[in-house]
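At position 179 of the sequence shown the residue is numbered 167 (this note's numbering), and the sequence of numbers has no breaks.
Just so it is clear, CB atoms sit at the ideal spot from N, CA and C, and this is done for glycine as well.
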Amino acid sequence: MARIKATDSGTKVERRQVIAAAVIDVLAEQGLRGLTHRAVDAAAGFGSGAVNYHAPTRAHLVHLALEELFARDGVVAATHFADLINTPQIPMPVVVDRMTAFVQEMTTPPARQRVIARHMLLAEAQRDPQIRAEFDAQRGAFVEFAAHIVAALDHDYPAITAEVVVIVIEGLIQRQVLIGATPLADSLRPIIAGLLRSWNIEQ
């Protein structure tokens, strides 16, 4: 795990960001059982007890991690797809390339750590309605984001198709990080292209 260091002179916002990133690292490396204030102190490069000042409870640690996960993943999605929203006549190879690049970035460091941490927190969400609500809201925003792109392809059912697209992206990301012993490499793009063709999402 790449340790994140911070000085005591950092601003409150900066320290919260460092703590959030450290929580994600701890979750990815040690799982939910390893999520303690002491472990986050060490991962953040702070002295013992420093994290407790900014996040006094375990729930605070989880909330900081969720904020960081959603913000970072949102930036990655915007980088790959934002310029396609409301763009008419998007060539299908462009969509395939963007989806492939997005999955690849989300499944290599540093995003890979976030995928593992997200998986841990999703398990927690099954028992915590507040965490579940935050995940539902974030995922809903991503589906809506995808629907704008599908609509630009003149598909008849953009909302339903966007939901399926997001399900497939989530599944591919899990396949690359959590399931397969060997991640898909050269076959990733053909898989995405074949799925889009099977849904008749093409010009």
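>> List, from N- to C-terminal side, the alpha helix (DSSP H) runs of 4 residues or more that fit wholly inside the segment 106 to 160.
In response: 117 to 140
>> Whole angstroms are fine: how far does the CA of Lys0 sit from the CA of Val14?
In response: 21 Å
> So, helix, strand or coil for Leu23, using DSSP?
Replying inline: coil
> Counting along the chain, where does the alpha helix (DSSP H) carrying Asp206 start and finish?
Replying inline: Outside the shown range of the chain (-11 to 191) lies residue 206, about which nothing can therefore be said.
>> By the three-class DSSP mapping on this structure, what secondary structure does Ile7 have?
In response: helix
> CB-CB under 6 Å to Gln164, same chain, minus the five flanking residues each way: which ones, in chain order?
Replying inline: Thr95, Pro171
> If we ignore side chains and look at the alpha-carbon of each, how far apart do Ile(-8) and Val6 end up?
Replying inline: With a pLDDT of 43 at Ile(-8), under the threshold of 50, the modelled position of this residue cannot be trusted, and the question is left open.
> Whose C-beta lies closer than 7 Å to the C-beta of Thr24 among residues of the same chain, with five residues either side of it excluded?
Replying inline: none
> Taking just the CA atoms, how far does Val152 sit from Glu158?
Replying inline: 10 Å
> Starting from Thr88 and walking both ways along the alpha helix (DSSP H), at which residues does that stretch end?
Replying inline: 80 to 94
>> Is it the case that the segment 105 to 113 contacts the segment 16 to 35, given that we only count it when at least three CB pairs across the two stretches are under 8 Å?
In response: yes
> Taking the alpha-carbon positions, what's the Ile12 to Asp144 distance?
Replying inline: 39 Å
> With distances taken between CB atoms, is the gap from Thr88 to Arg177 smaller than 9 Å?
Replying inline: yes
>> For the structure I just gave you, are there three or more beta carbon pairs, one from the segment 90 to 104 and one from the segment 28 to 37, closer than 8 Å?
In response: no
> Can you name the start and end residues of the alpha helix (DSSP H) that Ile180 belongs to?
Replying inline: 176 to 186
> For the alpha helix (DSSP H) that contains Ala38, what are its first and last residues?
Replying inline: 38 to 42
> Beta carbon of Thr198, beta carbon of Ala140: below 9 Å?
Replying inline: Residue 198 lies beyond the residue range present for the chain, which begins at -11 and ends at 191; the question has no answer from this structure.
> Of all the options His107, Ala181, Ala147, Ala47, which has the alpha carbon lying nearest to the alpha carbon of Ala167?
Replying inline: Here the sequence assigns Ile to residue 167, which means Ala is not the residue at that position. Taking only the C-alpha atoms, the option nearest Ile167 is His107.
> Can you tell me the Cα-Cα spacing of Asp(-4) and Ser36, whole angstroms?
Replying inline: In this prediction, Asp(-4) has a pLDDT of 47, which is less than 50 and means its spatial position is unreliable; nothing more can be read from the coordinates.
> Which word fits Arg26, buried or exposed, when buried means at least 16 other C-beta atoms lie within 10 angstroms of its C-beta?
Replying inline: exposed
> For Leu172, which three-state DSSP category applies?
Replying inline: coil
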